[in-house]
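Take a look at the structure below.
Residue numbers (UniProt numbering): 1 to 170.
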C-alpha cells in the first residue's frame, strides 16, 4: 500500500506539484516521473555520487534523499545548467580536460563542482580532493577530473551578481 503526499518544489526553475510515495527517493522522481535522467543510479546507498543534484544549492545524493524532503526546495540537475545551448564554465572545463570518459559519473561531479564554484572560494588541491571524495569514477583515474575542478575553482568564481570573473590570469 502506498502512502502518498502532495509536494511542491522547483526543478531547474520549473514549478512542480505532484503526489509522491513517502518512500520514493528524489532520484526516482527525477528520473522516472519527471524525465531528468542526468542523475544516475549507481550504488543506491549514497556512496558513489552518480546521483548528485543540488538541493537549495547544496550537493546531495538523491538516491537516499526522500522526495518528500524536497517539498518547498529548489532542485537543480545537470540538465538545468546550460542555458540556450551554452555550456557552463564547469561543463566546458570537464570537456576541455577530458574528464568525461563513459560519462556515468560526470553529471554528479559537475553538480558538486558547480556548487563549489558558486561558493566562490579558492581551494587547495587537497581541499578539492576532499570535496569530491564522495564521487567514484572507474574510468578516468581522477587526474582529469581534478584538473577540471582546479581549473574552475582556481581561475573563475561566481561573483555575488552571478557573473563569471577571472581570479587569476594563468
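Positions of the beta carbon are idealized from the N, C-alpha and C atoms, including for glycine.
This structure is a prediction, so every number in the text was calculated from the model and none was measured.
DSSP places residue 19 inside the beta strand (DSSP E), whose first and last residues are 14 to 21. The criterion of a C-beta distance shorter than 9 Å is not satisfied by residue 8 and residue 49.
For residue 143, the uninterrupted alpha helix (DSSP H) run begins and ends at 143 to 155, by DSSP. Looking from the CA of residue 147, the closest CA among 129, 134 and 10 belongs to 129.
A residue is called buried once 16 or more other Cβ atoms fall within 10 Å of its Cβ, and residue 14, having fewer, is exposed. Here the alpha carbon of residue 102 sits roughly 7 Å from the alpha carbon of residue 139. Going by C-alpha positions, residue 25 is about 21 Å away from residue 115. Per DSSP, residue 107 has no beta bridge partner at all. With respect to the C-alpha of residue 118, the residue from 65, 89, 19 and 135 having the closest C-alpha is 89. Here DSSP, grouped into helix, strand and coil, assigns residue 76 to strand. Within the DSSP secondary-structure output, residue 86 pairs in a beta bridge with 83. Going by C-alpha positions, residue 145 is about 9 Å away from residue 137. For residue 34, the closest of 65, 98, 55 and 77 by C-alpha to C-alpha distance is 77. In the DSSP assignment, residue 129 falls outside any beta strand (DSSP E) and within the unbroken alpha helix (DSSP H) covering 125 to 131. When secondary structure is reduced to three states using DSSP, residue 26 falls in the helix class. Residue 116 sits in a helix when the DSSP states are folded into three classes.
When the Cα atoms are used, residue 91 and residue 141 turn out to be separated by approximately 19 Å.
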